[in-house]
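**Q** Going by the working numbering, the sequence shown opens with residue 18, and the numbers climb by one from there.
Where is the CB? At the ideal position from N, CA and C, for every residue including glycine.
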Amino acid sequence: MSQKKKVKLEDIAKEMGVSIVTVSNALNGRKGVGEELREEIKQVAKQLGYLGIDREAKKHQPSYIIGVLVAERYVKEFPSFYMDIYKLIAHEVAKKGHLTVLEVVTYQKENLQIQFEPFLEKKLAGLMVIGELKREYIEIIRKHYKVPIVCVDYYDVYEDIDYIITDGFGGMEQMTELLLEQGYRNLAFVGTPTATKNIMDRYQGYCKALEKVGEKVSQKNIINDRDFLNGDYRIDFELPEILPEAFVCNCDKTASLLLEKLEERGVQVPKDVSVVSFDNYYSQKNEDIKLTTYENDQKVIVKISLNTLLKRISNKKKRPSVRIIGGSIVKGNTVKLGGDK
């Protein structure tokens, strides 16, 4: 089998009817070539399979250093949804020829109990914040770094920051409606609404679904699962003596612990109670149980977040925005169908 001939600049020049110098200038971004002709030369180069075009483009592309911030409470225990988000970000940033610098913000740093220390690398082109951080800490970051900031899965009121968030409200409304459609009415929400904005959004989605069918929302049906005071990041809770018909969990990590506690009590899911959740990030400990949950596409979240930041870096005058990324229901076997009740 004969080897494919390597395409040279002279081949492109001959095809276009222009000089080799013109082709070289066009592909290297030099002056002396009209934009229309430059684009035509690039298209012909691609069609002929000229390998140097990608190399030349990367050679003239600026390289950025992007800082990434995430609170310690989100990555202290594994598996960690936000740590996986960071790994995807670092991978995509590297593919584009840039670098990331990660800062895990401890409880003391976030609450300004110790002196603020910026990234060692000061020449940051932009910042990405994964998950919620205290507003006081964000304000110091904004004052210290005059660079574009994109918050991932977290939003606030700052008009100079872009926010890329998952649809916590709409997603949890859908998960609650899934139970209501099966005839369930006695539901409990597992999560501490005041702990984070994300959990509050999901709780409000749960409330909205109940209100739409005329059901009252009772504070007695909230099972708090965490207390971030004094740096205690653990998720834990006690089951009520009298169980509801179904549980709506704010995240899969909480749902996983709930399933363990139900099993210890001898309660079968979904025979005795049903369970729905959020994230599609379930640590599968029982092969017979597949959690019914709401999936957030991590790759889509990362791609949109990074592209937003890079566009802001290249055009700082662009107006920041809030982008909500919708997800989809993943049906498992933790919901008992209405006809089986």
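By Cβ distance, which residues of its chain are closer than 7 Å to Pro-271, with the 5 residues on each side in sequence left out?
**A** Just to set this straight, residue 271 is Thr in the shown sequence, not Pro. Correct list, in chain order: Val-207, Gly-208, Asp-242, Ile-252.
**Q** In whole angstroms, what is the alpha-carbon distance linking Phe-359 and Val-85?
**A** Summary: the structure shown does not reach residue 359, with the chain confined to residues 18 through 358, and so no result is reported for it.
**Q** If you follow the beta strand (DSSP E) that Leu-119 is part of, which residue opens it and which one closes it?
**A** Segment 116-122, the beta strand (DSSP E) holding Leu-119.
**Q** Between which two residues does the beta strand (DSSP E) containing Ser-36 stretch?
**A** Careful: Ser-36 lies outside any beta strand (DSSP E) and carries neither H nor E.
**Q** Less than 8 Å between the C-beta atoms of Gly-143 and Tyr-99, yes or no?
**A** It is not a contact, given that the beta carbons lie outside the stated cut-off.
**Q** Rounded to the nearest angstrom, what separates Ala-62 and Glu-52 at their Cα positions?
**A** Computed Cα separation, rounded: 15 Å.
**Q** Closest by CA to Cys-266, which one among Lys-48, Val-230, Tyr-223, Glu-281?
**A** Comparing Cα positions, the closest option is Tyr-223.
**Q** Out of Lys-335, Val-292, Asn-203, point me to the one whose CA is closest to Ser-273's CA.
**A** Out of Lys-335, Val-292, Asn-203, Val-292 has the C-alpha closest to the C-alpha of Ser-273.
**Q** So what does Cys-168 bridge to, in DSSP terms?
**A** DSSP output for Cys-168 lists Val-146, Tyr-180 as bridge partner(s).
**Q** Whose C-beta lies closer than 7 Å to the C-beta of Ser-19 among residues of the same chain, with five residues either side of it excluded?
**A** Note on Ser-19: pLDDT 43, under 50, position unreliable in the model; no value is reported.
**Q** Which residue from Tyr-311, Lys-31, Gly-46 puts its Cα closest to that of Arg-219?
**A** Answer by Cα proximity: Tyr-311.
**Q** Using the Cα positions of Lys-229 and Thr-193, report the straight-line distance between them to the nearest angstrom.
**A** Cα to Cα, Lys-229 sits roughly 11 Å from Thr-193.
**Q** Give the straight-line distance between the Cα atoms of Cys-168 and Val-146, rounded to the nearest whole angstrom.
**A** Using only the alpha carbons, I get a separation of about 5 Å.
**Q** Buried or exposed, going by whether 16 or more other CB atoms sit within 10 Å of the CB of Gln-191?
**A** Gln-191 comes out buried.
**Q** Starting from Gly-343, trace the beta strand (DSSP E) in both directions and tell me its first and last residue.
**A** Per DSSP, Gly-343 belongs to no beta strand (DSSP E) and is neither H nor E.
**Q** Which one of Lys-320, Phe-254, Thr-351 has the shortest CA to CA distance from Asp-289?
**A** Answer by Cα proximity: Thr-351.
**Q** Considering only their Cβ atoms, is the gap separating Arg-282 from Leu-256 smaller than 8 Å?
**A** Cβ atoms of Leu-256 and Arg-282: closer than 8 Å.
**Q** Find the nearest neighbour of Ser-110 within the set Glu-277, Lys-348, Ile-321, Tyr-298, judged by alpha-carbon distance.
**A** For clarity, residue 110 is Val in the given sequence; the question names Ser instead. The shortest C-alpha separation from Val-110 is found at Ile-321.
**Q** Since Arg-47 sits in a beta bridge, which residues does DSSP pair it with?
**A** Answer by DSSP bridge pairing: none, since Arg-47 is not bridged.
**Q** Would Asn-238 and Leu-204 be called neighbours here (beta carbons separated by less than 8 Å)?
**A** Yes, the pair counts as a contact, with Cβ atoms nearer than the cut-off.
**Q** Label Leu-195 either buried or exposed according to how many other C-beta atoms from any shown protein chain fall within 10 Å of its C-beta, with 16 as the threshold for buried.
**A** Buried is the call here.
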